[in-house]
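Notes follow the structure.
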Amino acid sequence: MPFYHRLGDIPKKRHVAFRKPDGGLYYEHLMGNMGFTGPSSLLYHLRLPTAVKSQSLFQGLQWEVDSDTTLRNRHFRLDGLKAGGSFTLNRVPLLFNSDVAISMARPDKADDFFYRNGQGDEILYVSDGEGVLESIMGDLSYSSGDYIVIPRGITYRLKPAGANRILVIESAGFVETPKRYRNDYGQHLEHSPYCERDFRVPEALPVHDEVGDFRIVVKRENRLYEHVIGHHPFDVVGWDGHYYPWATNIEDFEPIVGRLHQPPPVHQHFQAPGFVVCSFVPRLYDFHPEAVPAPYNHSNVMTDEVIYYAHDKFMSRKGIEYASLTLHPDGMPHGPQPGRIEASIGKDRTEELAVMIDTFKPLRVAKGAQDVEDVAYPQSWLEE
Ligand SMILES: [Fe+2]
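Take 944 as the starting number for the sequence shown in this note's numbering and just add one per residue.
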């Protein structure tokens, strides 16, 4: 998405006969968003990408809503969720609406099938761990702090090297960098907190010339389907274009600071229809001699605020820990807990690391999150 990229062998012109060494044709395949008007790539396969041997329903994914929907600020300790298992099948649903769905995955091994999301783009925030994202467009290695953006329709498989902890943000709409960071030519501007140098793209394209039965689990309308194809799905010899998985690290986000408190939009990392993703990173505090670095209390009208704490420190919160997740819904104010404002005055920096997701429609809490809820959190603003 961020810029034009090419990998492997492609013909000089698009839509011309591109032949294999044995004289046969490679199969050209356009993969693009927004009906031929959005970003796209052209891929060249060894075998027909349309050939499917069988299809069946694999499993439904109806996310159940928490039974106690009483309006309150909420805190979930995600470290308490079961670790291990499949990245695709053992994601724990946490929060969702029609624009975005947030879940936690803690895979420790690669799936023995491939995966394709046919209903949404995915942003994977790698909270800890490392591995390789294998995809139809090549291999992309990842490590802690990476955001991996996987546009819909791209067949991939995550290969964790050991235990991974990944916050999965699924978007019904197209995920991109904020428009205000880019000029009319798509380039990131000087005031953007990051630029093209901070993006990583698939760096190697292993070509798998293998026949046999290969399973692809495809997500569509909240169901998983199993498609069996007669060849390895990663049979692309080359591709080029603007549509591919890419990664950028939260540590490469250069914080914007000011003499007085800067509002959350300065921390914005991604935009998508119906929500934004912001990164709170270690930074110098406000430098006016009387500045209050902690945020003021605020009512985020027409926004539900979600924060995932990727570090056990966060300037305005107490009682949170690594892998905590808070939800501050519309309809009530929130802000620093007692003592946090005073404690922030005179401090010169923060080590906080957190991912914030602000949604414009109300979020529902999924039942699975209830098991790790901190029920004392709604009263944590009461003075002792
Ligand atoms: Fe807030």
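Idealized CB from N, CA, C, for every residue including glycine.
All figures in this text were calculated on a predicted structure; none of them were measured in a lab.
Would a C-beta distance cut-off of 8 Å place N1107 and P1036 closer than the cut-off?
no
Looking at the structure shown, is Y1228 part of a helix, part of a strand, or coil, going by DSSP?
Coil.
Excluding sequence positions up to five away, which residues of its chain have a Cβ less than 6 Å from the Cβ of W1225?
According to the sequence displayed, residue 1225 carries Pro and not Trp. If we look at P1225 and ignore the five residues flanking it on each side, its Cβ neighbours are E1294.
Ligand 1: which residues have Cβ under 6 Å from any of its heavy atoms, chain order?
H1241, N1243, E1248, H1271, H1277
Quick one: Cα of Q1005 to Cα of D1022, how far?
24 Å
Taking just the CA atoms, how far does H1170 sit from D1042?
26 Å
Nearest-angstrom Cα distance between V1111 and D952?
Approximately 33 Å, taken between the alpha carbons.
With DSSP run on the structure shown, which of helix, strand or coil describes R1034?
coil
Could you give the distance in angstroms between the alpha-carbon of G1173 and the alpha-carbon of E1153?
Between the alpha carbons of G1173 and E1153 lies a distance of about 9 Å.
Determine which residues share a DSSP beta bridge with T1302 and list them.
F1218, D1247
List the whole-angstrom C-beta distance separating A1309 from E1065, where the pair is believed to meet the contact cut-off of C-beta under 8 Å.
About 17 Å separates the two Cβ atoms, so there is no contact after all.
Label E1233 either buried or exposed according to how many other C-beta atoms from any shown protein chain fall within 10 Å of its C-beta, with 16 as the threshold for buried.
exposed
So, are the CB atoms of I1199 and P1136 less than 8 Å apart?
Cβ atoms of I1199 and P1136: closer than 8 Å.
Which ranges would you report for the beta strand (DSSP E) in the region 1193-1217 if only whole runs of at least 3 residues count?
1211-1215
Going by DSSP, what residues sit across from S999 in a beta bridge?
E1169
To which residues does DSSP link L991 through a beta bridge?
Answer by DSSP bridge pairing: none, since L991 is not bridged.
Classify H988 as buried or exposed, calling it buried when 16 or more other Cβ atoms lie within 10 Å of its own Cβ.
Taking all protein chains in view, the Cβ of H988 is crowded by 16 or more other Cβ atoms within 10 Å, so the residue is classified as buried.
Between the alpha carbons of G1063 and M1258, how many angstroms are there, rounded?
Straight-line Cα distance between these residues: approximately 33 Å.
Given this structure, state the Cα-to-Cα distance separating T1246 from Q1322, to the nearest angstrom.
C-alpha separation (whole angstroms): 21 Å.
For P1167, which residues of its own chain have a beta-carbon under 6 Å away from its beta-carbon, when the five flanking residues on both sides are left out?
According to the sequence displayed, residue 1167 carries Leu and not Pro. Once the five neighbours on either side are set aside, the close Cβ partners of L1167 are F1001, Q1002, V1160.
Buried or exposed for N1240, going by 16 or more other Cβ atoms inside 10 Å?
exposed
Helix, strand or coil: which one does DSSP assign to S1242?
coil
Which same chain residues, not among the five before or five after Y1099, have their C-beta less than 8 Å away from its C-beta?
F1057, Y1058, R1059, L1076, E1077, S1078, I1079, I1093, P1188
Determine the extent of the alpha helix (DSSP H) in which E1285 is found, giving its start and end residues.
1283-1287
For the candidate residues G981, K955, M974, G1088, whose alpha-carbon lies nearest to that of A1297?
Minimum Cα distance to A1297 is reached at G1088.
Does K1052 come out as helix, strand or coil in the three-state DSSP assignment?
coil
Between G1096 and G1061, which are expected to be in contact by the criterion C-beta below 8 Å, what is the C-beta distance as a whole number of angstroms?
6 Å
Whether or not the region 1173-1187 and the region 983-997 are in contact is what I'm after, with contact meaning three or more pairs of Cβ atoms, one per stretch, closer than 8 Å; do they touch?
Result yes; three or more Cβ-Cβ pairs closer than 8 Å.
Mind checking who L1268 pairs with in its DSSP beta bridge?
F1019, Y1251
Relative to the alpha-carbon of G1311, which residue among K956, A1048, G978, R990 has its alpha-carbon at the smallest distance?
A1048
Would you tell me roughly how many angstroms separate the C-alpha atoms of D1317 and L1268, rounded to the nearest one?
10 Å
Using three-state DSSP, classify P1145 as helix, strand or coil.
coil
Taking all protein chains shown into account, decide if T1013 is buried (16 or more other Cβ within 10 angstroms of its Cβ) or exposed.
The residue is exposed, with fewer than 16 neighbouring Cβ atoms inside 10 Å.
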